[in-house]
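Residue numbers (my numbering): 1 to 320. Beneath this line is the structure, given in structure tokens, with notes to follow.
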Amino acid sequence: MVWIAMPAQVETCVLGWAHEYPAHVSVTTLSQFDGHTVYAVTVTGPSAGGSVKPGLLCAVPHAHEPAGTAACMSVLCQLITGQTLEGEPSKHDVVAIRNGVVVTIIPDANPGGRARAPVDAWDGMQYTNEEFLACAFGVDARSGQRFPRPNRWRVGELEASRLGIVWEQVGADTYVEPNRDPGSSLFRLTRQLSAERTYNRWLDLHQTEFEGTDRNCQVLLPVTQDELPPPIRDENQTWGHEITQAWEALGARPAPPQALGYTGSQRDYFVTLWGEHYRRTPEVSTEVQNNRASTPPQTQRDLQEAAIWVSIEGLLRNPR
Ligand SMILES: [Zn+2]
């Protein structure tokens, strides 16, 4: 298996594809404060009769969750070249996909954070859960405990003796949680892309540890799922079930799709930042187990990749 998750590897592949396949690859970039470049790769072919094609936007928000990146790079390679990263012919009808839909993928929305990761993949063999969480979120210099998880923080208010992978530096002394702050590259780039074209589906690829359960994957629906307009709500539900079925077919142990369970200020925060978007655009998130020997990197990548293909092929079947 070829596992591409580190920023330099992603960059080499993306620039190579853009150079070699300009007819169906276009790249949008954004510079992070620390100098890393965030890439959005759009793949599409000629459209029949100039019709507007449905679009999927797929992103990996969190730097400590590399399997989404590995899966995005695998899917992009197939969509662009017709071959897998391992050099086999793709099993997917990539020409039909290119002709029928627009796929935009942000394989890593925080390369600056990812570059701090000590490993390319979290296989559960080298780091205990506590050690992993200390890498992911960092260590508080004052307490020596795991760093807190504010949406945004400044050096001086907080001090990290170890800077967590999750944080994106957005200023000389300011860091944000990419999924929870409008100043993040994720937010800025998705807003820019959405201004350029309509995306009919958003897919976010996440990972979590599934501590204390025997499940190893789950689709999460928006925190406001039950209040969404019925057509959006129903599409999220159907789409979530399709991903779950694909995971079962791969022998995974999915928990049933569920709305993100935040309450109180956490919930208010998501509603403020993303609520209007959720009302207009179907969106689901994957959670695939990270840092557990029972879900090795190959399986992590396979599960994330299955979710992407289900999302693309659903859009191809039912263009709206
Ligand atoms: Zn995440």
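Built from N, CA and C at the ideal position, the CB exists for glycine as well. As the structure is a computational prediction, the values presented were derived from the model and not from experiment.
Sheet register partners of residue i (DSSP bridge)
i, result
"residue 238", "For residue 238, which the question treats as bridged, DSSP gives no partner whatsoever."
"residue 58", "105 and 203"
"residue 30", "38"
"residue 176", "152 and 168"
"residue 258", "220"
"residue 162", "139"
Whole-number beta carbon distance between residue j and residue i, since they are thought to touch under 8 Å
i, j, result
"residue 209", "residue 110", "With 8 Å as the limit, residue 209 and residue 110 do not qualify as a contact, their Cβ atoms being about 19 Å apart."
"residue 232", "residue 279", "7 Å"
"residue 297", "residue 121", "4 Å"
"residue 30", "residue 43", "That belief does not hold up - the Cβ atoms of residue 30 and residue 43 are roughly 18 Å apart, past 8 Å."
"residue 71", "residue 205", "7 Å"
"residue 94", "residue 82", "6 Å"
"residue 63", "residue 166", "6 Å"
"residue 283", "residue 202", "4 Å"
"residue 149", "residue 134", "So it is not a contact: roughly 13 Å between Cβ atoms."
"residue 54", "residue 315", "5 Å"
Where residue i sits in the DSSP three-state scheme
i, result
"residue 215", "coil"
"residue 209", "coil"
"residue 186", "helix"
"residue 133", "helix"
"residue 140", "strand"
"residue 146", "strand"
"residue 25", "strand"
"residue 228", "coil"
"residue 116", "coil"
"residue 43", "strand"
"residue 253", "coil"
"residue 3", "coil"
"residue 8", "helix"
"residue 198", "coil"
Report the start-end ranges of each beta strand (DSSP E) in the region 272 to 319 that is 3 residues or longer and not cut off at the edges. 283 to 289
Which residues, in chain order, sit with a beta-carbon under 6 Å away from any heavy atom of ligand 1? 61, 62, 65 and 206
Please list the segments of the beta strand (DSSP E) lying wholly inside the region 63 to 108, counting only runs of 3 or more residues, in order along the chain. 102 to 106
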